[in-house]
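Protein sequence lines correspond, in order, to chains S and E.
Count along the first sequence from 1, add 16, and you get the number used in our numbering.
Count along the second sequence from 1, add 16, and you get the number used in our numbering.
From the three backbone atoms N, C-alpha and C, an ideal C-beta is built for every residue, glycine too.
To start, the structure itself, in structure tokens.
Number of protein chains: 2
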Amino acid sequence: MTGERRKFRREGEERRRDALIAAALELVAEGGTGAATVRAIADRAGVTPGLIRHYFQSKEDLTRAAYRAMMDAMNADNASVLETAPEAPEARLAAFVAASLRPPVVDPASMGLWAGFIHMVQRDPAMAAVHEATYLHYRDLLQGLIAALPRDTDAATLRAQAIACNAVIDGLWLEGGAAPHQFGPDELARIGVTSVGAILGIDLLPHLPKP
Amino acid sequence: MTGERRKFRREGEERRRDALIAAALELVAEGGTGAATVRAIADRAGVTPGLIRHYFQSKEDLTRAAYRAMMDAMNADNASVLETAPEAPEARLAAFVAASLRPPVVDPASMGLWAGFIHMVQRDPAMAAVHEATYLHYRDLLQGLIAALPRDTDAATLRAQAIACNAVIDGLWLEGGAAPHQFGPDELARIGVTSVGAILGIDLLPHLPKP
DNA sequence: CCCCTTATTATACGCTTGCATAATTGCAGG
DNA sequence: CCTGCAATTATGCAAGCGTATAATAAGGGG
Numbered sequence: 017m018t019g020e021r022r023k024f025r026r027e028g029e030e031r032r033r034d035a036l037i038a039a040a041l042e043l044v045a046e047g048g049t050g051a052a053t054v055r056a057i058a059d060r061a062g063v064t065p066g067l068i069r070h071y072f073q074s075k076e077d078l079t080r081a082a083y084r085a086m087m088d089a090m091n092a093d094n095a096s097v098l099e100t101a102p103e104a105p106e107a108r109l110a111a112f113v114a115a116s117l118r119p120p121v122v123d124p125a126s127m128g129l130w131a132g133f134i135h136m137v138q139r140d141p142a143m144a145a146v147h148e149a150t151y152l153h154y155r156d157l158l159q160g161l162i163a164a165l166p167r168d169t170d171a172a173t174l175r176a177q178a179i180a181c182n183a184v185i186d187g188l189w190l191e192g193g194a195a196p197h198q199f200g201p202d203e204l205a206r207i208g209v210t211s212v213g214a215i216l217g218i219d220l221l222p223h224l225p226k227p
Numbered sequence: 017m018t019g020e021r022r023k024f025r026r027e028g029e030e031r032r033r034d035a036l037i038a039a040a041l042e043l044v045a046e047g048g049t050g051a052a053t054v055r056a057i058a059d060r061a062g063v064t065p066g067l068i069r070h071y072f073q074s075k076e077d078l079t080r081a082a083y084r085a086m087m088d089a090m091n092a093d094n095a096s097v098l099e100t101a102p103e104a105p106e107a108r109l110a111a112f113v114a115a116s117l118r119p120p121v122v123d124p125a126s127m128g129l130w131a132g133f134i135h136m137v138q139r140d141p142a143m144a145a146v147h148e149a150t151y152l153h154y155r156d157l158l159q160g161l162i163a164a165l166p167r168d169t170d171a172a173t174l175r176a177q178a179i180a181c182n183a184v185i186d187g188l189w190l191e192g193g194a195a196p197h198q199f200g201p202d203e204l205a206r207i208g209v210t211s212v213g214a215i216l217g218i219d220l221l222p223h224l225p226k227p
């Protein structure tokens, strides 16, 4: 009833930017870019809408920043898996594949996030570049793991196999995110490791790390 | 300057409904559900916005109808491939896989369409049911083709292999739609057929139909 | 040929959107 | 303690949204 002006605390620029980006990502994951309105983002970040324009030139600017942040986080996650992975080439590869096919990577929200940005990626060249770089980064990581295996293959075969393995992983990731209940516990990781092994002509299943 | 009332022709109910659905699908493919506004849909269908409410109870009603139409078309396309496919089990499977990895199935617009609906599918149980039915229909088709191959496998292996093959196809489809220029002509079909063959333990590449 | 049904257009309303701008207030430096 | 900066809130606006309803005309049946 008093109509008092809302109290607030001054946060550092970095923390506020991160909070706004995190809020935007949550909303995009849940309901697509359409659900990520300026007001909804501000509300979830515990802030009033005007503040967004203090940290970002426009909503599109915030959206681009959020997309970049998401892709950077994905890259970092993938890299960190390899840091704690075993040394034997087969076990490394199996660990990498399995990590991509278990929570929190396989997750409806994660897939929703990815799908939510697709149309902007297709239209905005800057976002397309980020998308492509991240995709190729992942595939290069995978191709490196494959190349380290104790066998010899020519470059063309290596490339084709990396694309194929990447596709299995992406496909399983997609289906796990779209309809999680259709798969048993850790079934996706098992199928993924088995299939990657089949494509490469080696038995990878014994190296599947426990969930 | 005259402000004359716009001329029009009366079309049959079916044709108008189809035109509105087609327009909605185009717009969703290009810019997501957010781009498919009532006014934009009507405009593309060559009609004024009010007419939409004459054929659909609400915009959501139209959107659901559009989604169902898209999924039905996908099912029909898949079935029609098998009608004109060869009889030999290996050739049938190869033809089916290849058809899913060539235009017009692999296409940025097609992928945009799929991604545009994801969030509605995740929230609307009716759309989720359609989604799941279509996915399982495709996988069953694939599993049937695999089962027809001259080898014997137990049911559990068959299921896992069908999921894996489906995943390779989906993954390649995804990547072909997201970044078409990264792949050579018909490269996706070749990699897909090769990988499915590897997963199943047979050489399928000789059966790849010409583009 | 005219009339009646209804497919279609036209107009208006309330709400939400992104954005601009003005008013406040938290907080650090003297 | 107070003064100044800028982080934050508050308010307002034009445009676009989905929807409701009234006006019009197309075109087939008598």
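Check: Under the three-state DSSP convention, the category S:S74 falls into; Outcome: coil
Check: Element boundaries [alpha helix (DSSP H), containing E:D34]; Outcome: 29-47
Check: Own chain partners of S:M17 with C-beta closer than 7 Å, once the 5 adjacent residues on each side are dropped; Outcome: Because S:M17 sits at a pLDDT of 47, beneath the cut-off of 50, its placement in the model cannot be relied upon, and the following sentence gives the value as read from the coordinates. Result list for S:M17: empty, nothing under 7 Å.
Check: Continuous alpha helix (DSSP H) stretch holding S:G5: start and end; Outcome: For chain S, the structure presents residues 17 to 227; residue 5 of chain S sits outside this window and is missing.
Check: S:E231 versus E:V212 - alpha carbon distance; Outcome: As displayed, chain S neither begins before 17 nor continues past 227, which places residue 231 of chain S out of reach and without an answer.
Check: Buried versus exposed call for S:Q73 [16 or more other C-beta atoms within 10 Å across all chains shown]; Outcome: exposed
Check: Proximity test, Cβ basis, 8 Å: S:I286 and chain E; Outcome: Missing from the structure shown is residue 286 of chain S; chain S here goes from 17 to 227 and no further.
Check: Residue range of the unbroken alpha helix (DSSP H) whose run includes E:F133; Outcome: 124-139
Check: Residue from E:D123, E:R33, E:A110, E:A95 whose Cα sits closest to the Cα of E:A81; Outcome: E:R33
Check: Sequence ranges, alpha helix (DSSP H) only - wholly within the segment 137-182 of chain S, length at least 4; Outcome: 141-163
Check: Which of helix, strand or coil DSSP assigns to E:P120; Outcome: coil
Check: Interface residues of chain S facing E:Q138 [CB-CB closer than 7 Å]; Outcome: P124, G128
Check: Meets three-Cβ-pair contact criterion under 8 Å: the segment 183-201 of chain S and the segment 92-107 of chain S; Outcome: no
Check: Limits of the unbroken alpha helix (DSSP H) element including S:L63; Outcome: The question names Leu, but residue 63 of chain S is Val in the sequence shown. Element bounds for S:V63: n/a, residue is neither H nor E.
Check: Contact with chain E by S:S74, beta-carbon distance below 8 Å; Outcome: no
Check: Contact set for S:R25: own chain, Cβ-Cβ below 7 Å, skip 5 residues either direction; Outcome: none
Check: 8 Å Cβ cutoff, E:G50 in contact with chain S; Outcome: yes
Check: Chain S within 8 Å of E:A115, Cβ atoms only; Outcome: no
Check: Chain S contacts from the segment 162-191 of chain E (Cβ-Cβ distance under 9 Å); Outcome: A176, Q177, I179, A180, C181, N182, A183, V184, I185, D186, G187, L188, W189, L190, E191
Check: Min CB distance S:H135 to chain E below 8 Å; Outcome: yes
Check: Within-8 Å CB hit, E:I218 to chain S; Outcome: no
Check: Contact list for S:E148 against chain E, beta-carbon separation under 8 Å; Outcome: A195, Q198
Check: CB contact below 8 Å: S:M17 versus chain E; Outcome: Confidence in S:M17 is poor, its pLDDT being 47 and thus under 50, which makes the residue's placement too unreliable to answer from.
Check: Contact with chain S by E:Y151, beta-carbon distance below 8 Å; Outcome: yes
Check: Among E:A131, E:L158, E:D88, E:D202, nearest to E:R118 - alpha-carbon criterion; Outcome: E:D202
Check: Whole-Å CB distance - E:A52 paired with E:A40, under 8 Å assumed; Outcome: 5 Å
Check: Residue-chain proximity (S:A145, chain E), Cβ-Cβ < 8 Å; Outcome: no
Check: Local conformation of S:R108 per DSSP, three classes; Outcome: helix
Check: Proximal residues of chain E, C-beta to C-beta of S:A214 below 7 Å; Outcome: A214, I215
Check: Rounded C-alpha distance that separates E:G160 from E:D93; Outcome: 17 Å
Check: Three-state secondary structure (DSSP) of E:P233; Outcome: Residue 233 of chain E lies beyond the stretch modelled for chain E, which goes from 17 to 227, so this question has no answer here.
Check: Cβ of E:S4 within 8 Å of any chain S Cβ; Outcome: With chain E represented from 17 up to 227, any question about residue 4 of chain E goes unanswered, as that position is not in the structure.
Check: Neighbour flag for E:A40 against chain S, beta carbons, 8 Å; Outcome: no
Check: Pair within 8 Å by beta-carbon distance, S:F133 and S:V44; Outcome: yes
Check: Residue-level contact to chain E via CB, S:A131, 8 Å cutoff; Outcome: yes
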